[in-house]
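Just so you know, the protein sequences line up as chains W and Y, in that order. Sequential numbering from 1 applies to the first sequence in our numbering. Sequential numbering from 1001 applies to the second sequence in our numbering.
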Amino acid sequence: MRILLVDDEQELVSTICERLRLRGIEAEWATSSKDALKQTAIKDFDVAVLDIKMPRIGGFELKKSLQACCPHMKFIFMTGYGSEQDFKTIIEEFGQDNYLFKPVDIEELITKIALVCA
Amino acid sequence: MVTETSLGTNMWNRIKPKFWNYHYVTGKSSRWMFNYRRIWKQAVLTTAVVSLLPLIVITAVAYNLTHRAAEAELVASTSRLVSNTRRTVTAFLAERQEALKFIIADNSLEALKTPKRLREILKNLQMAVGGFVDIGIIDATGRQIAYEGPYELEGKDYSQDQCFTVASSKGSCISHMVMGFRNQPHLVITVKRSFSASSNTMLRSSIDTEKFHELLKRIDIGAHGDIFIINRQGELQTPSHRYGSLFTRIPMEAPPYAEHTQVYETVNKDAPLIIGYAFIPDTEFILMIVKDKHERMRPWLETRIKLLGFLLISVVAVLGVILSVSTFLVHNIFLADQKRLAALHHAEYTNKLASIGRMAASVAHEINNPLAVINEKAGLIKDWFTLTSKYTEDPMVLQPIDAILYSVKRAGKITKRMLTFARNLASSIEEIHVDDIIKEVLHFLGKEAEYRDISIRTAFPYDLPVIRSDRGKLEQIFINVINNAYAAMKDGGHLDIEISTDSNGIAVTIADDGCGIPEEDIERIFEPFFSTKTGESGTGLGLSITYNLVHEIGGNIKVKSQVGRGTQFTIRLPLQIEPTKENLNADTVG
């Protein structure tokens, strides 16, 4: 199983990546949507964990681009904002289980990854 | 002891309407739009002029008309009285003259010379006509050849008598009042007959003066009025209680001859007099009636007092109604204005809270990022200890610890900024770099711009003057205007913020390339509750409050816009706020 983590906060995304690797999960990270698209062109990923608010291209838009190139890919969203509008969109589209609020608990993330892959 | 002035002041303070002193706080801000005292004065003055002017004009016209009518009636009644009295006097004299003419025509000279016959004639005349005192026969030489009466006048010479001369030529004469041989005032009627071609004989009779006077005594002309007869030299022929006894010359010129009755007005000893006169035909007599104008006009003067009283009561009543209605209306405007202000204050407060809410959400998001990093770094260190065999001495540990410390520092900066913002909500005047405030505001609002790919260009001159103003209000102004620009722009838009300076102050121009404002709306955008935002986000208060805030700190805000091209707000700020009551209060609060 290979995970792609995308967030504009490099320290955050790299650390989560490191912690997943320590748990034996193969993970890569990207700090922009552009970088994420580059990575997916090289490797296949089963799950993408995306930050909703990112400069220029946000998580929802990136999801559309990723779905186009990797139709089998599953998605989990992270947000530090948790605005009402974001909340509604996520629940309508993915159900309650597919989002996480920052700061993210690593075990919760792994559980969610397992859930979306099941 | 209470003085009269302080009593008046106390009274005034008690009845003074609440709005009376409120115009002192009228400022540039639209918070105080009405000068209640001026509105009240205008209302009172306009309604008083409109309602009282016609009343006063109508009363003045009515006053003039009734005055003229009363005067005309006085003149007419005087004229009537003079004419009637003239007829009476003329008839009295003519009757006696005709009687004498009949006697002389009916008797022979011989019979008339006979004392017995003359006595009979006198007796018959006194019985039938009355008013005859004596009777005498005068021959052509003027000598009285026969006489019957109470005086010893037989043989007296009347050749120099005026009446003798006039009767000789005209056939008859009525004399004016004379003293004669009897040395008593009397008037004489003389008639002539020519018994032969060469000799004229005259019948001469004196008239009872009392009877003559009685003609006038019976006439009622008021307590101060007077009726008398004068001769053409102006000498009294009947007694006058105004000018004296017989033969006294009256203190005015005898009036000029007129065929008909005349009435005129004159002033004697400051008292206006109405004088009517008429010439008695075939005599020297002029009948005169003098009326005291004030006395005869008294009924009209009473009417005049009633009229003026009515006017005065009407004016007082109308003024009373005007004052109470104007006070009531202006008081209601005042109350409505107070409610409007309270609503505006409430809206402003709500907007402030909404700003805080927005800030809090923005700050929470910003803090969440460093917290997430701290969380992951700490989690990673824990993982190393629990999931791997590495130890704390390992240099790999230092990197996540540094990252933790950096993130804590970041979170600290954000919370500090949040506290600064919260502190600035309280009003205070201080020295301010406007560019710093805009930068601060952009820090808060910058994330949204970043996410929506909005590019912000700022042009701040490096020698920008320091101004004295209210930091909290300025922050709120810029947040509102920039938020407004964000709402108008699509993602990827451009926002230009420029500051320029001149001698009066500085001008901040905030221009977006958003949807713009239609021309018909541009004048209304600063009105409370006006909104073009269709979504639930627009309360219609943001720009209204911004407008008030700008005016409160002594500046002004102008807007230029073009639909589809964008909107440009220019906020001009003075170098220093002029102290107003509100700012002084704010100072003490801050």
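By construction, the Cβ of each residue, glycine as well, lies at the ideal position given by its N, Cα and C atoms.
N- and C-terminal bounds of the alpha helix (DSSP H) containing residue i
{"i": "Y:F1247", "result": "Y:F1247 -> no alpha helix (DSSP H), and no H or E assigned at all."}
{"i": "Y:A1048", "result": "1036 to 1106"}
{"i": "Y:H1331", "result": "1298 to 1387"}
{"i": "W:D51", "result": "Per DSSP, W:D51 belongs to no alpha helix (DSSP H); it is in the beta strand (DSSP E), 47 to 51."}
Distance between residue j and residue i (C-alpha atoms, nearest Å)
{"i": "Y:P1281", "j": "Y:G1155", "result": "32 Å"}
{"i": "Y:T1567", "j": "Y:I1525", "result": "12 Å"}
{"i": "W:L4", "j": "Y:N1548", "result": "51 Å"}
{"i": "Y:S1240", "j": "Y:F1164", "result": "29 Å"}
{"i": "Y:I1135", "j": "Y:G1276", "result": "35 Å"}
{"i": "Y:A1128", "j": "Y:I1121", "result": "10 Å"}
{"i": "Y:K1269", "j": "Y:V1316", "result": "39 Å"}
{"i": "Y:Y1406", "j": "Y:K1473", "result": "33 Å"}
{"i": "W:A48", "j": "W:K74", "result": "6 Å"}
{"i": "Y:I1499", "j": "W:K102", "result": "39 Å"}
{"i": "Y:P1251", "j": "Y:F1285", "result": "17 Å"}
{"i": "Y:E1098", "j": "Y:F1195", "result": "18 Å"}
{"i": "Y:S1169", "j": "Y:E1259", "result": "23 Å"}
{"i": "W:D44", "j": "W:A36", "result": "12 Å"}
{"i": "Y:N1375", "j": "Y:N1483", "result": "33 Å"}
{"i": "W:N98", "j": "Y:P1395", "result": "37 Å"}
{"i": "Y:R1096", "j": "Y:A1111", "result": "21 Å"}
Residue j beta carbon less than 7 Å from that of residue i
{"i": "W:F77", "j": "W:I57", "result": "no"}
{"i": "Y:A1278", "j": "Y:V1082", "result": "yes"}
{"i": "W:V6", "j": "W:A27", "result": "no"}
{"i": "Y:T1201", "j": "Y:L1109", "result": "yes"}
{"i": "Y:L1311", "j": "Y:T1047", "result": "no"}
{"i": "Y:I1553", "j": "Y:S1428", "result": "no"}
{"i": "Y:W1020", "j": "Y:R1037", "result": "yes"}
{"i": "Y:M1177", "j": "Y:L1187", "result": "yes"}
{"i": "W:E108", "j": "Y:V1373", "result": "no"}
{"i": "Y:I1291", "j": "Y:T1085", "result": "Per the sequence shown, the amino acid found at residue 1291 of chain Y is Lys instead of Ile. Cβ atoms of Y:K1291 and Y:T1085: not closer than 7 Å."}
{"i": "W:G80", "j": "Y:H1443", "result": "no"}
{"i": "Y:I1438", "j": "Y:F1385", "result": "no"}
{"i": "Y:A1602", "j": "Y:K1113", "result": "Here chain Y comprises residues numbered 1001 to 1590, so residue 1602 of chain Y is not present and cannot be evaluated."}
{"i": "Y:L1495", "j": "Y:I1467", "result": "no"}
{"i": "Y:E1148", "j": "Y:R1119", "result": "yes"}
{"i": "Y:G1225", "j": "Y:K1192", "result": "no"}
Chain Y residues whose Cβ lies nearer than 7 Å to that of residue i
{"i": "W:G58", "result": "Y1451"}
{"i": "W:R19", "result": "E1376, G1379, L1380, D1383"}
{"i": "W:K53", "result": "Y1451"}
Residue i - containing beta strand (DSSP E), residue span
{"i": "Y:H1176", "result": "Per DSSP, Y:H1176 belongs to no beta strand (DSSP E) and is neither H nor E."}
{"i": "Y:T1238", "result": "It is not in any beta strand (DSSP E) - Y:T1238 carries neither H nor E in the DSSP assignment."}
{"i": "Y:G1136", "result": "1135 to 1138"}
{"i": "Y:H1224", "result": "It is not in any beta strand (DSSP E) - Y:H1224 carries neither H nor E in the DSSP assignment."}
{"i": "Y:P1272", "result": "1271 to 1279"}
{"i": "Y:L1464", "result": "Here Y:L1464 belongs to no beta strand (DSSP E), and DSSP marks it neither H nor E."}
{"i": "Y:Q1562", "result": "1556 to 1562"}
Buried/exposed call for residue i, threshold 16 Cβ in 10 Å
{"i": "Y:A1343", "result": "exposed"}
{"i": "Y:A1105", "result": "exposed"}
{"i": "Y:C1173", "result": "buried"}
{"i": "Y:F1569", "result": "buried"}
{"i": "W:A114", "result": "exposed"}
{"i": "Y:A1354", "result": "exposed"}
{"i": "Y:A1306", "result": "Note on residue identity: the sequence assigns Lys, not Ala, to residue 1306 of chain Y. Looking at its Cβ environment, which holds fewer than 16 other Cβ atoms inside 10 Å, Y:K1306 is exposed."}
{"i": "Y:F1328", "result": "exposed"}
{"i": "Y:V993", "result": "With chain Y running from 1001 to 1590 in the structure shown, residue 993 of chain Y is simply not present."}
{"i": "W:D9", "result": "The sequence shown places Glu at residue 9 of chain W, rather than the Asp named in the question. Burial call: buried."}
{"i": "Y:L1053", "result": "exposed"}
{"i": "Y:P1370", "result": "buried"}
{"i": "Y:Q1476", "result": "buried"}
{"i": "Y:Q1184", "result": "exposed"}
{"i": "Y:M1297", "result": "buried"}
{"i": "Y:V1025", "result": "Note that Y:V1025 scores 45 on pLDDT, short of 50, meaning its location in the model is unreliable; the coordinates nonetheless yield the value given after this. Answer is exposed; the Cβ neighbour count stays below 16."}
{"i": "Y:N1010", "result": "exposed"}
{"i": "Y:Y1158", "result": "buried"}
{"i": "Y:A1586", "result": "Confidence is the limiting factor: at Y:A1586 the pLDDT is only 39, short of 50, which leaves the residue's position unreliable, though a coordinate-based value still follows. Counting Cβ neighbours within 10 Å, Y:A1586 comes out buried, since at least 16 surround it."}
Neighbour list for residue i in chain Y, Cβ cutoff strictly below 9 Å
{"i": "W:K63", "result": "Correct list: empty, because the minimum Cβ distance to chain Y is about 16 Å."}
{"i": "W:R23", "result": "D1383, L1387"}
Contacts that residue i makes with chain Y (C-beta to C-beta distance below 8 Å)
{"i": "W:T15", "result": "V1373, E1376, K1377, G1379, L1380, P1400, A1403"}
Chain-ordered neighbours of residue i on chain C, where CB pairs are closer than 7 Å
{"i": "W:I106", "result": "No chain C is part of this structure, whose protein chains are labelled W and Y."}
Chain-ordered neighbours of residue i on chain W, where CB pairs are closer than 8 Å
{"i": "Y:N1369", "result": "E9, L12, G80, K102"}
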